[in-house]
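Novice: Residue numbers (my numbering), protein chains in the order written: chain L, 1 to 371; chain V, 1 to 371.
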């Protein structure tokens, strides 16, 4: 993996960069659609490419349970299995063993948990999380971390940082035993809402010299202000020449704020989850397509949008599809919302490359919050 | 509407033809995907066109309830509303007022029924069924009929034929008041499993001189033998120079048998419904993709198939998507099954045009029933 910052914003920490990965080049800032179970909800690979998706996410926890490591090995990883040829990033399963498995027990060694699918017993260690991600074969793997819940007292958050750091070392050691060129490994900064802990975490990981760093333990219930502060504390203590990935964030305004703090990569289920609820992004803020006022509205969801839903269909048709529960509703809504987020990152990048990021951000937010 | 038979099979009543409609030309025999609520389950219009869909179905009962006539009028019909530019056929709602509305009351005047959506009271008459179909704006409209349930005693079936004939006259009269070139109207033959009644119904409708004729009251629970007999009795008494449409049929073997009896047009929800249950057509019969033996199967569903699911994905991936309940599962399965049926009709047509229908049918069934 190679990363270089090509443009630095003179007024903030925002930057544009290029990330070279085994399955292709990713231009940053970038929004990465989430394909938890080797599928981005309802979309085909062709559609994802047409939306401008440069890299997608897979989920180690889910893929380990189904289809399982033996199937992934048989198809030599997720690329062959799902037919996606561009880069993939996998999270480590650290977040999901806590959020999705009700029965879990954390020890220094790792986490014992019960499968939410069939109740069977499993164990993830830093080493096994790397091994599973080797089978998945993503271009970027993540360290197995303990994601700190919110709110968390200082001592609790400090313990979490310590454990995450010790696990990060074990992940790195396992990673170094294999082909480090084929798959990169990112460390994950924890530390909750405490500046000293975010710093401690960032510095401890930096000693391990990862190809890139992620900021975890955000978007877990804290306020937007707390999230921005945590992001800023982490990026301030991370090396400038390595890519930074803010996990699970977020709304358009969060994306732009984090870019300004020097974040390069984003993922979030919000565009797909909102799509399911008829909640659609537009230049002038969010609308809910189920609202009766759209029943005879012949305009596209967002007249400025170039996505397949907006190019081909009216608000009235999308309103109807949502109301009658047609599958096409979720598909068109997902296409629209993902296009919006992917293009937002692309537009931010373009502004960074031409030195106009502040103006771009101000203009975007002015429109977006107009209503 | 113009229809001409271009090739007549020397060994059976099978024929190939060309149907010219306001929104385009349809080559027969043809399989028409069902888009009940102005959407063919999960598919985009581009995908439907790529599958070879020449004409799709809309459903008067559903479209009347949602989005409603005022919305359809506002968008000048279903084509503008859903963005589909090729021909559309609408059924009359006759079948659904009985099958989907538990509370319904039939009189000579029409049918009073309660909406399955919100329980509100509605009334369909032959005249209103035509008026609603005018608002939908399909290239082909259907007469409002009383679809005879199965089993039905002779007297009950005879009453149904009589009522359907009287309603057909009223439908025709209403149709003649409007633009008969813009939308054609088909009569529907009833008569259950009774040859004399099928004949009586076909002859009564023929006196009204419709542009085309449908065979209704089939695929309602009768045996395949009864269905084929009913189809043969109806086609025998219908004019050879008008298109014939067998409603709600069916399986691949039913399609080929009906073509041999002189049927030109087909629709069926089976390909889409089967897709939802993981039941997929292949050259060598049906398979269920949820079967564990497909977990590591790297072949396409049908190696001979040119559909997007088979061109891009393995059985193992489709098995996984079905097992984890991903939306893409239903979409890929639907693409595959619809392609199979659409292409079956296209291949039958090609055989008819080259005078090899019997051989084609024999070879297809030999493969299809091999297992």
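The C-beta atom is built at its ideal place from N, Cα and C for all residues, glycine as well.
Please tell me whether residue 274 (chain V) has its Cβ less than 8 Å away from any Cβ of chain L.
Specialist: For the purposes of this step, residue 274 (chain V) is taken as residue 274 along the second chain, with counting starting at 1. So, not an interface residue.
Novice: For the region 160 to 168 of chain V and the region 267 to 286 of chain V, state whether three or more C-beta atom pairs, one from each stretch, are separated by less than 8 Å.
Specialist: Because the criterion of three Cβ pairs below 8 Å is not met, the region 160 to 168 of chain V and the region 267 to 286 of chain V do not touch.
Novice: Under a three-way DSSP split, which group does residue 144 (chain V) fall into?
Specialist: Residue mapping note: residue 144 (chain V) aligns to position 144 of the second chain, counting from 1. Coil at residue 144 (chain V), not helix or strand.
Novice: Select from V:169, V:52, V:198, V:34 the residue whose C-alpha is nearest the C-alpha of residue 28 (chain V).
Specialist: On the second chain, residue 28 (chain V) is found 28 positions in, with the first residue counted as 1. It is V:52 whose Cα lies nearest to the Cα of residue 28 (chain V).
Novice: So with Cβ pairs under 8 Å, would you call residue 270 (chain V) a contact of chain L?
Specialist: Start at 1 with the first residue of the second chain, and residue 270 (chain V) comes out as number 270. Judged by the 8 Å Cβ criterion, residue 270 (chain V) is not in contact with chain L.
Novice: Check each residue of the region 297 to 319 of chain L: if its Cβ is closer than 9 Å to any Cβ of chain V, include it; give the result in chain order.
Specialist: Taking 9 Å as the Cβ-Cβ cut-off against chain V, the residues of the region 297 to 319 of chain L that qualify are 298, 308, 312, 313, 314, 316, 317, 319.
Novice: Tell me the rounded alpha-carbon separation between residue 60 (chain L) and residue 99 (chain L).
Specialist: In the first chain, the residue the question calls residue 60 (chain L) occupies position 60. In the first chain, the residue the question calls residue 99 (chain L) occupies position 99. Distance between the alpha carbons of residue 60 (chain L) and residue 99 (chain L): 14 Å.
Novice: Report buried or exposed for residue 153 (chain L), applying the criterion of at least 16 other Cβ atoms within 10 angstroms of its Cβ.
Specialist: Within the first chain, residue 153 (chain L) is the residue found at index 153, counting from 1. Classification for residue 153 (chain L): exposed.
Novice: Take every Cβ of the region 42 to 56 of chain V, pair it with every Cβ of the region 346 to 363 of chain L, and state whether three or more of those distances are shorter than 8 Å.
Specialist: With the cut-off at 8 Å, the region 42 to 56 of chain V and the region 346 to 363 of chain L do not touch.
Novice: Given residue 62 (chain L), which residues of its chain have a CB within under 6 Å of its CB, disregarding the five upstream and five downstream residues?
Specialist: Here residue 62 (chain L) is taken as the residue at index 62 of the first chain, counted from 1. 36, 37.
Novice: Find out if the Cβ-Cβ distance for the pair residue 19 (chain V), residue 327 (chain L) is shorter than 8 Å.
Specialist: Against the second chain, residue 19 (chain V) aligns to sequence position 19. Against the first chain, residue 327 (chain L) aligns to sequence position 327. No, they are not a contact pair.
Novice: Give the secondary structure of residue 336 (chain V) by DSSP, where H, G and I count as helix, E and B as strand, and everything else as coil.
Specialist: Walking along the second chain from the start, residue 336 (chain V) turns up at place 336. Helix, per DSSP.
Novice: For the beta strand (DSSP E) that contains residue 213 (chain L), what are its first and last residues?
Specialist: Residue 213 (chain L) sits at position 213 when you count from the first residue of the first chain. That run of the beta strand (DSSP E) goes 212 to 215.
Novice: Please list, in chain order, the chain L residues whose beta carbon lies closer than 7 Å to that of residue 37 (chain V).
Specialist: The residue given as residue 37 (chain V) occupies position 37 in the second chain. 324, 326, listed in chain order.
Novice: Could you name the residues of the same chain whose beta carbon sits closer than 7 Å to that of residue 352 (chain L), not counting the 5 residues immediately before and after it, in chain order?
Specialist: For the purposes of this step, residue 352 (chain L) is taken as residue 352 along the first chain, with counting starting at 1. Excluding residues within five positions, the ones whose Cβ falls inside 7 Å are 7, 9, 14, 15, 16.
Novice: Do residue 244 (chain V) and residue 284 (chain V) count as a contact pair if the criterion is CB distance below 8 Å?
Specialist: The sequence position of residue 284 (chain V) within the second chain is 284, counting from 1. The sequence position of residue 244 (chain V) within the second chain is 244, counting from 1. Against a cut-off of 8 Å, the Cβ pair of residue 244 (chain V) and residue 284 (chain V) comes out as no contact.
Novice: Report the residue from L:263, L:224, L:230 whose alpha carbon sits nearest the alpha carbon of residue 240 (chain L).
Specialist: For the purposes of this step, residue 240 (chain L) is taken as the residue at position 240 of the first chain. Per the Cα distances, L:263.
Novice: Under the three-state reduction of DSSP, which class applies to residue 274 (chain V): helix, strand or coil?
Specialist: Here residue 274 (chain V) is taken as the residue at index 274 of the second chain, counted from 1. Helix.
Novice: Any beta carbon of chain V sitting closer than 8 Å to that of residue 71 (chain L)?
Specialist: Here residue 71 (chain L) is taken as the residue at index 71 of the first chain, counted from 1. Output row for residue 71 (chain L): interface = yes.
Novice: So which residues on chain V does residue 42 (chain L) lean against when the C-beta distance must stay under 7 Å?
Specialist: Locating residue 42 (chain L) in the first chain gives position 42, where the first residue counts as 1. Near residue 42 (chain L) (Cβ distances below 7 Å), the residues of chain V are 327, 328, 331.
Novice: Using CA coordinates, which residue listed in V:238, V:218, V:179 is at the minimum distance from residue 204 (chain V)?
Specialist: To locate residue 204 (chain V), count along the second chain from 1; it is residue 204. Considering only alpha carbons, the answer is V:238.
Novice: Got a sec? Which residues, its chain only, sit under 7 Å from residue 4 (chain L) by beta carbon, not counting five neighbours each side?
Specialist: As a first step, residue 4 (chain L) is located in the first chain; it is residue number 4 there, counting from the start. Closer than 7 Å at the Cβ level, and outside the excluded window around residue 4 (chain L), lie 17, 18.
Novice: Between the alpha carbons of residue 108 (chain V) and residue 146 (chain V), how many angstroms are there, rounded?
Specialist: Here residue 108 (chain V) refers to the residue found at position 108 when the second chain is read from its first residue. Here residue 146 (chain V) refers to the residue found at position 146 when the second chain is read from its first residue. One C-alpha to the other measures close to 11 Å.
Novice: Under 9 Å Cβ-Cβ, which residues of chain V neighbour residue 75 (chain L)?
Specialist: If you number the first chain from 1, residue 75 (chain L) lands on position 75. 296, 298, 314, 316, 317, listed in chain order.
Novice: Of all the CB atoms in chain L, is at least one closer than 8 Å to the CB of residue 266 (chain V)?
Specialist: As a first step, residue 266 (chain V) must be located in the second chain, where it is residue number 266. Not an interface residue.
Novice: Could you give the first and the last residue of the continuous beta strand (DSSP E) run that contains residue 245 (chain L)?
Specialist: Stepping through the first chain from its first residue, residue 245 (chain L) is reached at position 245. Here the beta strand (DSSP E) through residue 245 (chain L) covers 244 to 246.
Novice: Name the chain V residues whose beta carbon is nearer than 9 Å to that of residue 83 (chain L)?
Specialist: Numbered from 1 along the first chain, position 83 holds the residue referred to as residue 83 (chain L). The contacting residues are 312, 313, 314, 317.
Novice: So with CB distances below 9 Å, who are the chain V contacts of residue 66 (chain L)?
Specialist: As a first step, residue 66 (chain L) must be located in the first chain, where it is residue number 66. Going along chain V in sequence order, the residues near residue 66 (chain L) (Cβ under 9 Å) are 320, 323, 324.
Novice: Where does residue 265 (chain V) sit, in a helix, a strand or coil, going by DSSP?
Specialist: In the second chain, the residue the question calls residue 265 (chain V) occupies position 265. If DSSP states are grouped into helix, strand and coil, residue 265 (chain V) belongs with the strands.
Novice: Since residue 74 (chain V) and residue 93 (chain V) should fall inside the 8 Å C-beta cutoff, what is the C-beta to C-beta distance between them, to a whole number of angstroms?
Specialist: The residue labelled residue 74 (chain V) in the question sits at position 74 within the second chain. The residue labelled residue 93 (chain V) in the question sits at position 93 within the second chain. Not quite, the Cβ-Cβ distance comes to about 21 Å (not below 8 Å), so this is no contact.
Novice: Determine the closest residue to residue 333 (chain V) out of V:288, V:346, V:134, with distance taken between C-alpha atoms.
Specialist: Position 333 of the second chain, counting from 1, holds the residue named residue 333 (chain V). Per the Cα distances, V:288.
Novice: Would you list the residues sitting across from residue 155 (chain V) in a DSSP beta bridge?
Specialist: Sequence index remark: in the second chain, residue 155 (chain V) carries index 155 (1-based). Paired residues: none, contrary to the question.
Novice: Cα separation between residue 142 (chain V) and residue 124 (chain V)?
Specialist: Locating residue 142 (chain V) in the second chain gives position 142, counting from the first residue. Locating residue 124 (chain V) in the second chain gives position 124, counting from the first residue. Roughly 14 Å separates the two Cα atoms.
Novice: Does residue 93 (chain V) come out as helix, strand or coil in the three-state DSSP assignment?
Specialist: On the second chain, position 93 is the one that residue 93 (chain V) refers to. DSSP places residue 93 (chain V) in coil when its eight states are reduced to three.
Novice: For residue 183 (chain V), which residues from the same chain have a beta carbon less than 6 Å from its beta carbon, with the 5 sequence-adjacent residues on both sides left out?
Specialist: Reading the second chain from its first residue, position 183 is the one you call residue 183 (chain V). Excluding residues within five positions, the ones whose Cβ falls inside 6 Å are 141.
Novice: Should residue 369 (chain V) be labelled buried (16 or more other beta-carbon atoms within 10 Å of its own) or exposed?
Specialist: Taking the first residue of the second chain as position 1, residue 369 (chain V) is located at position 369. It is exposed - the Cβ of residue 369 (chain V) has fewer than 16 other Cβ atoms within 10 Å.
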